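Let me begin by presenting the structure, written as structure tokens, before commenting on it.
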DNA sequence: TCGATAGTTCAAGATAGCCGAACTATTAAA
DNA sequence: TTTAATAGTTCGGCTATCTTGAACTATCGA
């Protein structure tokens with residue numbers, strides 16, 4: 001039973017946040033979560049072809065960056081964007097990044 | 001005689017721009033350039049102790065991300081933030097990142 | 001209980017980043 | 001005009017990070 005750790009946003013440095021967003025796959029995942037409230041891991045996947053382990057690692061990094069919160073629900077892991085927390089810590093950053101994201 | 005290549009901003013993907021900013025040293029360098037108009041390489045350095053080769057590589061990446069322009073002036077390389085170009089390509093991004101930068 | 005589902009963790013190979021050492025180019029001094 | 005100093009770049013090797021298949025854990029449905 002994986003017990004996920006979620007950092008306090010004040011402990012997340014800007015570099016880590018930017019690094020988490022500086023990847024096309026993760027950015028797509030964040031955009032999906034921004035649009036859909038709560039998604040399972042496979043639901044948040046940027047594409048079908050991505051390996052499970054890679055997906056899991058991306059989500060782990062997004063967690064470490066304070067971008068998402070993951071809770072277990074049955075055998076699924078439910079991911080949710082920590083938008084309020086993140087916006088308080090880095091005002092405007094997520095909005096700007098999502099707005100500049102390629103279509 | 002190094003002949004620097006500067007990308008057109010429309011060819012710079014968001015991931016690369018974020019990646020370039022997702023490093024404390026580079027971010028410090030960008031902040032310095034944002035405050036000082038034109039700086040030599042060592043002038044833009046984030047600290048005294050950083051090796052020249054590392055510094056040079058950071059500047060190369062900032063160039064590739066469309067963040068700076070480098071021209072030769074004598075034996076110095078003069079770096080300038082491509083703020084207008086970058087802002088046109090990624091509106092608001094640089095402002096937000098600089099505003100969220102740790103003091 | 002058995003199988004399928006959903007995801008994590010591990011480890012190994014691939015990739016990227018850091019930095020010392022050698023090199024280039026320019027300026028200044030002798 | 002050498003000679004030396006300055007300002008960086010480039011190269012190569014080491015390290016660290018990323019990716020991914022394989023093995024594992026846990027839960028649900030039949």
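Residue numbers (the UniProt record's numbering), protein chains in the order written: chain A, 1 to 103; chain B, 1 to 103.
For every residue, glycine included, the Cβ atom is placed at its ideal position computed from N, Cα and C.
Computed from a predicted model, the values in this text were never measured in an experiment.
Point to revise | Under 9 Å from the C-beta of residue 22 of chain A: neighbouring residues of chain B | key: Among the residues of chain B, those whose CB is under 9 Å from the CB of residue 22 of chain A are 14, 15, 16, 17, 18, 19, 20, 21 and 22, following chain order.
Exercise for review: Report the neighbours of residue 101 of chain B on chain A: residues whose CB is nearer than 9 Å to its CB, in chain order.
Suggested key: The contacting residues are 14.
**Study point:** Coil, strand or helix - residue 73 of chain B by DSSP
**Key:** Looking at residue 73 of chain B - three-state DSSP - the assignment turns out to be strand.
Practice item. Give the secondary structure of residue 53 of chain A by DSSP, where H, G and I count as helix, E and B as strand, and everything else as coil. Key: Here residue 53 of chain A sits in helix by DSSP.
Check your understanding: Can you list, in chain order, the residues of its chain whose CB lies under 7 Å from that of residue 116 of chain B, leaving out five sequence neighbours each side?
Key -> Nothing in the structure corresponds to residue 116 of chain B, since chain B is present only between 1 and 103.
Practice item. Could you tell me the boundaries of the alpha helix (DSSP H) in which residue 16 of chain A lies? Key: Element bounds for residue 16 of chain A: 14–21.
Point to revise | Boundaries of the alpha helix (DSSP H) in which residue 98 of chain B is found, first to last residue | key: In the DSSP assignment, residue 98 of chain B falls within the unbroken alpha helix (DSSP H) covering 93–99.
Practice item. Buried or exposed for residue 57 of chain B, please, with buried defined as at least 16 other CB atoms from any protein chain shown within 10 angstroms of its CB. Key: Classification for residue 57 of chain B: exposed.
**Study point:** Given residue 15 of chain A as reference, the closest of A:65, A:24 and A:8 once Cα atoms are compared
**Key:** With distances taken between Cα atoms, residue 15 of chain A lies closest to A:65.
**Study point:** Beta-carbon contacts of residue 23 of chain A that lie in its chain and below 8 Å, excluding the five residues immediately before and after
**Key:** Only residues of its own chain outside the window of five on either side were considered, and among them 58 have a CB closer than 8 Å to the CB of residue 23 of chain A, listed in chain order.
Check your understanding: Is residue 25 of chain B near residue 46 of chain B, with beta carbons less than 7 Å apart?
Key -> Yes, the Cβ-Cβ distance between residue 25 of chain B and residue 46 of chain B is below 7 Å.
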